[in-house]
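The UniProt record's numbering puts the sequence shown at residues 1 to 207. Just so you know, even glycine gets a beta-carbon here, dropped at the ideal spot from N, CA and C. Given the structure is predicted, the values throughout are model-derived calculations rather than measurements. Working notes, structure below.
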Amino acid sequence: SSSDDNKIKDNEANDNENNGFYFSGSDDNEIIDNDAKDNDNIGIYLSTSDDNELEDNKANDNGEDGIYLRFSNENILTDNEANDNEESGIHLFLSDENEIIDNTANNNYYGIYLHISDNNIIRKNELIGNTQGIFEENCEGNVIENNVVEDIIDTEAIILIIVTVIGVVGAVVVLAIIVIKLRKKRKEKLLKMMRDNVAEEKEVSED
1 SSSDDNKIKD NEANDNENNG FYFSGSDDNE IIDNDAKDND NIGIYLSTSD DNELEDNKAN
61 DNGEDGIYLR FSNENILTDN EANDNEESGI HLFLSDENEI IDNTANNNYY GIYLHISDNN
121 IIRKNELIGN TQGIFEENCE GNVIENNVVE DIIDTEAIIL IIVTVIGVVG AVVVLAIIVI
181 KLRKKRKEKL LKMMRDNVAE EKEVSED
């Protein structure tokens, strides 16, 4: 259900079997100083929710993403923590014109993952210890600047080591296997996302 023009402040949503905080069709809210950790899925989830301000929240140690925006536009995320999540610290899917500024997203698989999301501003974020700090997929017009990115895996160094140890042919085989596994993981994630979207739309239509 939708809820607009509210202030959600100083709350905890921890250790849930699904998501911590979930906002659907909710606009112009202030979401401040909340704690969402150790949830099975997502810490803070915005679906079809626009013009919200997320500030000083902690979305750490969740089973999927720390903060996830789906079909959500023109939101402002500042000074949030999204660390140690299994998938992304901050994940945008079909979400445009958002501002992601001065956040910390460390020790996730992706620090910030932009998927079919355009014209967003990604600025002055700390993205350390992720497998990949910032990942864009099918995006246009995003402004990405002045972020601190230190990935946990130095891809060039790994390739050099593989080539040195097992030769060029062996390296090609190993890297091909890695690419296939990563693509399979992303495909499985996308299929799960599509199934979740269908389930949510079904719930909305039934309501």
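- For D196, the three-state secondary structure derived from DSSP is helix.
- Cβ-Cβ distances below 6 Å link G129 to N106, N107, I152 in the same chain, with the five nearest sequence neighbours on each side left out; the list follows chain order.
- Between E137 and I116, the alpha-carbon positions lie close to 6 Å from each other.
- When only Cα atoms are considered, I90 and D10 end up about 20 Å apart.
- If you look at G111, you'll find it in the beta strand (DSSP E) that goes 110 to 115.
- Relative to the Cα of E17, the nearest Cα in the group G25, D38, F23, D27 belongs to D38.
- For the set D65, I42, N34, the Cα lying nearest the Cα of L54 is the one of N34.
- Cα atoms of L77 and D40: separation of roughly 22 Å, rounded to the nearest angstrom.
- The C-alpha of N75 is placed about 16 Å away from the C-alpha of S2.
- The residues S2, T48, S49, in chain order, have a CB closer than 7 Å to that of G25 in the same chain once the five nearest residues on each side in sequence are set aside.
- If you look at E87, you'll find it isn't in any beta strand (DSSP E); DSSP assigns it neither H nor E.
- In this structure, the straight-line span from the alpha carbon of N60 to that of E12 is close to 12 Å.
- In the DSSP assignment, L94 falls outside any beta strand (DSSP E) and carries neither an H nor an E.
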